[in-house]
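Okay, so here's the structure we're looking at.
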Amino acid sequence: MAKIKSSYICSECGYESVKWYGKCPGCGEWNTMNEEIAAPAAKQVEARVKVASAHSRPIALNSIDTTDEVRYKTGISELDNVLGGGIVKGSLVLIGGDPGIGKSTILLQVCQNLADKLSILYVSGEESRRQIKLRANRLGVNNEFLILTETDVEIAAEHIKSEKPDLVIIDSIQTMNLTQLSSSPGSVTQVRECTNLLMRTAKSLEIPILVVGHVNKDGAIAGPKVLEHIVDAVLYFEGDRQLSYRILRAVKNRFGSTNEIGVFEMTDKGLSEVVNPSLVFLSGRPKGVSGTCVTCIMEGSRPILAEVQALAANSGYGTARRMATGFDYNRMNLLIAVLEKKGGYYFAGADTYVNVVGGFKLDERAADLCVAMALVSSLKDFTIPDDVIIIGEVGLAGEIRSVSQINKRVNEAARLGFKRCIIPYYSVKGVSSELLSQIEVIGVRSVRQAVKAIIEG
Ligand SMILES: Nc1ncnc2c1ncn2[C@@H]1O[C@H](COP(=O)(O)OP(=O)(O)OP(=O)(O)O)[C@@H](O)[C@H]1O
Ligand SMILES: [Mg+2]
Ligand SMILES: [Zn+2]
Numbered sequence: 009m010a011k012i013k014s015s016y017i018c019s020e021c022g023y024e025s026v027k028w029y030g031k032c033p034g035c036g037e038w039n040t041m042n043e044e045i046a047a048p049a050a051k052q053v054e055a056r057v058k059v060a061s062a063h064s065r066p067i068a069l070n071s072i073d074t075t076d077e078v079r080y081k082t083g084i085s086e087l088d089n090v091l092g093g094g095i096v097k098g099s100l101v102l103i104g105g106d107p108g109i110g111k112s113t114i115l116l117q118v119c120q121n122l123a124d125k126l127s128i129l130y131v132s133g134e135e136s137r138r139q140i141k142l143r144a145n146r147l148g149v150n151n152e153f154l155i156l157t158e159t160d161v162e163i164a165a166e167h168i169k170s171e172k173p174d175l176v177i178i179d180s181i182q183t184m185n186l187t188q189l190s191s192s193p194g195s196v197t198q199v200r201e202c203t204n205l206l207m208r209t210a211k212s213l214e215i216p217i218l219v220v221g222h223v224n225k226d227g228a229i230a231g232p233k234v235l236e237h238i239v240d241a242v243l244y245f246e247g248d249r250q251l252s253y254r255i256l257r258a259v260k261n262r263f264g265s266t267n268e269i270g271v272f273e274m275t276d277k278g279l280s281e282v283v284n285p286s287l288v289f290l291s292g293r294p295k296g297v298s299g300t301c302v303t304c305i306m307e308g309s310r311p312i313l314a315e316v317q318a319l320a321a322n323s324g325y326g327t328a329r330r331m332a333t334g335f336d337y338n339r340m341n342l343l344i345a346v347l348e349k350k351g352g353y354y355f356a357g358a359d360t361y362v363n364v365v366g367g368f369k370l371d372e373r374a375a376d377l378c379v380a381m382a383l384v385s386s387l388k389d390f391t392i393p394d395d396v397i398i399i400g401e402v403g404l405a406g407e408i409r410s411v412s413q414i415n416k417r418v419n420e421a422a423r424l425g426f427k428r429c430i431i432p433y434y435s436v437k438g439v440s441s442e443l444l445s446q447i448e449v450i451g452v453r454s455v456r457q458a459v460k461a462i463i464e465g
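The sequence shown begins at 9 in the numbering used here and counts up by one.
Here it is as structure tokens:
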């Protein structure tokens, strides 16, 4: 009997080797090499896949016709925005997210919206027809489209070829498998080869395919990074599962910008769009307490207000605890160091916590000053008035550095009824005179000046 060959594949980068390494030679990650039985029939798979795309041929660039409608609008404008204007014909889009975040839900809603215009095939390897129907009933999905419960990706591809639907949904890629490969569904090889097969099907038949991908505990789509390279667009669903808000973000998009986000609220009728996210993230804000403060960040072309809360409490023990939710932990430590060294605010001996309300993540430098002020406000126990908004990047010298698109940010603050903006000194010239008449703008150069501006008003 022939010896079964096995190889080791890195789950992060897809590096392959015949021997096991503790540290992947490809990407340097630890403990990511997993044993997989080498595919004896890999050649066969390739041969079959080739047939699928046999009718592709070289064609002159200028003779390619782009006049007919190439994007399908999903009818969910937040989703269309993130996709860059709708689903592109022949594209493969990966939708990732934690379990239960709402991936199947949004796709069913897409089916509902598109089913009267397009023929749709929904392939589920996860749930039974009954389960899908029950969810559809709950969401009020009653338009007609095809459901296939199947885990063999080749059979699914055969159905796609024979049915020739206008749109295909695969829920999820981790449940799909190629029978020739002996490794189990969800393994690196399976996920990669299944995606490859789907990609070729999408391209050769010009059918867009939306693929659901599960996310591992580190927040990456389970399966190798190479998966993200194969597909045309990668969308992530984020959000705290305990809270009802969900943010859809593109991390890769061959057909649009990756800056746009979509904000949704999960209800029993499915995901509904949130047109005014700033209002949502600010609802239920406590009044007249120290340690809370509002900033404005840009998500693509869209300004969004977010509330930051900080708590600095005397720690009973020797070593103080620090924790950040929704804000970078190291950035918080850096801000604390700047506040100590340049501002004279000492956090040693205080347990310090920073939290961004609403499950939102602030990863923009423009939020620095707001976080710093929330920290000082809690430490010194003074309140930041609730009609004040604080925007600015904090430099290592304690200086406040200017931020981009200041006019849009201040405008959003004014729109939502804020009365005073504390912004970088060098950004004041970026605010239009029309806005300056609606809202008071104070330019500050240092963290100390910012504190002074808050207290003195
Ligand atoms: N009756 C209900 N009312 C309100 N929300 C509900 C109801 N039933 C389910 N949900 C919400 O729907 C979510 C499940 O959504 P969905 O099945 O689309 O997630 P998923 O991302 O596809 O998950 P999985 O990874 O398990 O496939 C639940 O976490 C819950 O928040
Ligand atoms: Mg699901
Ligand atoms: Zn690796």
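Ideal Cβ positions, reconstructed from N, Cα and C, are used throughout, including at glycine.
Assigned secondary structure, residue i (DSSP; H/G/I helix, E/B strand, else coil)
i	result
Gly270	strand
Asp179	strand
Met184	coil
Pro294	coil
Val302	strand
Tyr433	helix
Ala258	strand
Asn363	strand
Tyr23	coil
Arg373	helix
Lys125	coil
Lys31	strand
Ile140	helix
Ala358	strand
Arg330	strand
Met9	Confidence at Met9 is low in this model, with a pLDDT of 48, below 50, so the placement of that residue should be treated as unreliable; the coordinate-derived value is given next. In this structure, Met9 counts as coil in the three-state DSSP scheme.
Ala210	helix
Thr157	strand
CA nearest to the CA of residue i, picked from the options
i	options	result
Val2	Asn145, Gln117, Ile155, Lys111	The structure shown does not extend to residue 2, since the chain is modelled only from 9 to 465, so the question has no answer here.
Arg293	Val459, Gly366, Asn39, Arg65	Gly366
Gln117	Ser252, Pro107, Gln188, Lys141	Lys141
Arg65	Leu235, Ser25, Asp106, Lys211	Lys211
Thr159	Leu279, Ala258, Ile462, Asn185	Asn185
Cys119	Gly92, Met331, Val176	Val176
Glu407	Gly451, Asn419, Leu424	Gly451
Leu394	Ala358, Ile462, Gln413, Ser136	Note that residue 394 corresponds to Asp in the displayed sequence, not to Leu. Measuring from the Cα of Asp394, the nearest candidate turns out to be Ile462.
Leu100	Ser435, Gln198, Ile67, Ile217	Ile217
Val282	Val402, Asn267, Tyr253	Tyr253
Ser291	Arg257, Leu251, Glu134	Leu251
Sequence-distant residues of its chain with Cβ nearer than 8 Å to residue i (five each side left out)
i	result
Ala382	Gly299, Thr300, Cys301, Val316, Gln317, Ala318, Val362, Ile392
Ile215	Lys97, Gly98, Ile168, Lys172, Pro173, Asp174, Leu175, Val176, Thr209
Ser136	Thr157
Glu44	Ser14, Ser15, Tyr16, Ile17, Ser191, Ser195, Val196, Thr197
N- and C-terminal bounds of the alpha helix (DSSP H) containing residue i
i	result
Ser386	376-388
Lys460	455-464
Gln317	It is not in any alpha helix (DSSP H) - Gln317 instead sits in the beta strand (DSSP E) that spans 310-322.
Lys169	161-171
Ser441	441-444
Ile418	Note on identity: in this sequence residue 418 is Val, with Ile being the wrong assignment. Note, Val418: alpha helix (DSSP H), 414-423.
CA-to-CA distance, residue j to residue i, given in whole angstroms
i	j	result
Arg456	Ala345	14 Å
Leu147	Phe153	15 Å
Tyr244	Glu37	23 Å
Met9	Ser15	The predicted position of Met9 is uncertain, since its pLDDT is 48 and thus under 50; no value can be drawn from it.
Ser445	Ser410	21 Å
Cys32	Asp371	29 Å
Ala164	Thr187	12 Å
Lys5	Gly324	What is shown of the chain runs 9 to 465, which leaves residue 5 out entirely.
Leu287	Arg417	14 Å
Gly326	Ala320	15 Å
Glu236	Arg262	11 Å
Lys81	Val364	33 Å
Gly400	Ser454	10 Å
Val223	Ile255	15 Å
Val436	Val449	7 Å
Arg423	Ala374	19 Å
Lys277	Lys388	45 Å
Same chain, Cβ closer than 6 Å to residue i, five either side skipped, listed in chain order
i	result
Leu87	Gly270
Val220	Ile103, Lys111, Asp179, Ser180
Val396	Arg428
Glu307	Ile269
Ser440	Asn415
Lys369	Gly334
Beta-carbon contacts of residue i that lie in its chain and below 7 Å, excluding the five residues immediately before and after
i	result
Glu348	Tyr354, Phe355
N-terminal and C-terminal residue of the beta strand (DSSP E) that residue i is part of
i	result
Tyr337	No beta strand (DSSP E) holds Tyr337; the alpha helix (DSSP H) holding it covers 337-346.
Asp88	Per DSSP, Asp88 belongs to no beta strand (DSSP E); it is in the alpha helix (DSSP H), 85-91.
Arg249	Taken as a continuous stretch (DSSP letters only), Arg249 belongs to no beta strand (DSSP E), as it is neither H nor E.
Glu448	448-452
Glu281	278-281
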